[in-house]
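**Q** Dropping the structure in here first, questions after.
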Amino acid sequence: MATIGGLNDPDQMEEIIASGKADVVYMARALLADPELPRKVTENRPEEIVRCLRCFTCMAERAATSTRRCTVNPLIGRELDGVEVHPAPVKKRVMVAGGGPGGLYAAYTAARRGHQVILYEKEMELGGVLKSEQALSFKHEMYELTASYQRLAAKVGVEFRLGEAVTPELVRQEAPDALIVAVGSRPLVPSIPGLDGPNVIVVNDYYKHQSEVAGTVVVMGGGLAGCECAICLGQQGKTVHIVEMRDALAPDANVRHRPLLLKEIDKYVTVHTSCKAMEVRPDGVLCQDSEGKEILVPGATVICALGQRPCTDTVTALQDTAPFVRVIGDAGRVSTITNAVYQGCHAALDI
Ligand code: SF4
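Here the numbering used here is used: the first residue of the sequence shown is 34, the next is one more, and so on.
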């Protein structure tokens, strides 16, 4: 009997069986991400499948804490306690501020419990930080997570209000029983001379400005976001440099993902670690190396990937505006999608 594993796409599996290439196709991570996948396929509901992101959080977490976590499925790993989402004893009116992954999952879970849920997103498009993933071919599953969560949330009755920010006045007017604050974070753009110049693109906005990126690029910031953008640009044939103040790249990547990421960096990117950016110029970034020497890292376009900071002003304004207020995800502390989704799920379970 021939078997094939590691697949994530039901159509691909169907094709393998139909063509006789294998008798059995088995799934592993695909079922951590969505244990209902086989049922959704047999009931012809493929649009409801939540797909694995290939983020390796499950394997990294196993190595680090001996627990099982999945970025897109916060219910796994707690099977002994029960993974059912029980109806709430009292149905409540719930506002969710912010339509990133954490806010979407919070809205979905609260609606599954029978609450009446309205999700507000200040932009016209859901997704939060996931919107920027659409520019990276190897992160497309992550970008598609928004649509998957949106479909699940809509199916259980979540109402969406796009282009509408949640303000204290709006909360007072709507008077919900519970408010989940999932307003996310903003890019960190320090006051380095020239960083506000026309040759600079903030990494979160790269997906809107891809065509403006010239042949040689300097990525300022060697965290996960900067590294992934640099690899993407390198794969397009661009000459790419990363400037990073610390002595290592991507310390925020998980232990299983990081070695693979660094292998790709080796292929496509020239790395300048222990290098402090002093000034952005039209022809590159003037830096100071670890010995205090000034060097110009050349590039016509500069990508600013220097991190994120929580939208604390919005969080502060919304505190105490409803009987139950819970701040989740980057809005509380900049972290991973995994944490945002878990916190969203648990906030909704606590209402
Ligand atoms: S943690 Fe990431 S890699 Fe693992 S199953 Fe979930 S989505 Fe897939």
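All residues carry an ideal CB built from backbone N, CA and C; glycine is no exception.
Under the rule that 16 or more other beta-carbon atoms within 10 Å means buried, what is residue 54, buried or exposed?
**A** exposed
**Q** Could you compute how far the alpha carbon of residue 109 sits from the alpha carbon of residue 334?
**A** A direct Cα-Cα distance of roughly 43 Å separates residue 109 from residue 334.
**Q** Once DSSP output is grouped into helix, strand and coil, what is the label at residue 218?
**A** strand
**Q** How far does the alpha helix (DSSP H) with residue 295 in it extend, from its first residue to its last?
**A** 290-301
**Q** Are the C-beta of residue 147 and some C-beta of chain D separated by less than 8 Å?
**A** Protein chains in the displayed structure number just one, and chain D is not present.
**Q** Taking contact to mean 3 or more Cβ pairs, one atom from each stretch, closer than 8 Å, check whether the segment 345-362 and the segment 193-212 are in contact.
**A** Result yes; three or more Cβ-Cβ pairs closer than 8 Å.
**Q** For residue 360, which residues from the same chain have a beta carbon less than 6 Å from its beta carbon, with the 5 sequence-adjacent residues on both sides left out?
**A** 214, 348
**Q** For residue 233, which residues of its own chain have a beta-carbon under 7 Å away from its beta-carbon, when the five flanking residues on both sides are left out?
**A** Taking residue 233 as the centre and dropping the five residues before and after it, the same chain places the C-beta of 313, 335, 337 closer than 7 Å to its C-beta, in chain order.
**Q** Relative to the C-alpha of residue 83, which candidate in 223, 248, 69 has its C-alpha closest?
**A** 69
**Q** When you get a sec, list the residues whose CB is within less than 6 Å of any heavy atom of the ligand SF4, chain order please.
**A** 62, 65, 66, 85, 86, 87, 88, 89, 90, 91, 103, 104, 105
**Q** Per DSSP, residue 153 forms a beta bridge with which residues?
**A** 130, 194
**Q** On a CA-only basis, which of 249, 126, 145 is nearest residue 116? Give me that one, please.
**A** 145
**Q** Taking contact to mean 3 or more Cβ pairs, one atom from each stretch, closer than 8 Å, check whether the segment 58-78 and the segment 99-106 are in contact.
**A** yes
**Q** Please confirm whether any heavy atom of the ligand ATP lies closer than 7 Å to the CB of residue 334.
**A** This structure does not include the ligand ATP; its bound ligands are the ligand SF4.
**Q** Give me the Cβ distance between residue 282 and residue 317, rounded to the nearest whole Å; I'm assuming they're in contact under 8 Å.
**A** Not confirmed; about 19 Å, so no contact.
**Q** Which residue comes first and which comes last in the beta strand (DSSP E) that contains residue 60?
**A** Premise fails: residue 60 is in no beta strand (DSSP E) and is neither H nor E.
**Q** On a CA-only basis, which of 329, 299, 296, 276 is nearest residue 308? Give me that one, please.
**A** 276
**Q** Would residue 89 be called buried (16 or more neighbouring beta carbons within 10 Å of its own) or exposed?
**A** Answer is buried; the Cβ neighbour count reaches 16.
**Q** Quick check: residue 163 and residue 133, are their CB atoms within less than 8 Å of each other?
**A** The Cβ-Cβ distance between residue 163 and residue 133 falls below 8 Å.
**Q** Is the Cβ-Cβ distance between residue 301 and residue 340 less than 8 Å?
**A** no
**Q** State the Cα-Cα distance for the pair residue 331 and residue 170, rounded to the nearest angstrom.
**A** Taking the straight line joining both Cα atoms gives about 26 Å.
**Q** Check the C-beta distance from residue 384 over to residue 121 and give it rounded, since I have them as a contact under 8 Å.
**A** Yes, residue 384 and residue 121 are in contact; Cβ-Cβ is about 7 Å, under 8 Å.
**Q** When you compare the CB positions of residue 264 and residue 298, do they come within less than 8 Å of one another, or not?
**A** Cβ atoms of residue 264 and residue 298: closer than 8 Å.
**Q** Using three-state DSSP, classify residue 228 as helix, strand or coil.
**A** coil
**Q** Please report the residue range of the alpha helix (DSSP H) in which residue 90 lies.
**A** 90-98
**Q** Is residue 158 helix, strand or coil by DSSP?
**A** coil
**Q** Taking residue 279 as the reference, give the member of 111, 235, 304, 370 with the closest Cα.
**A** 304
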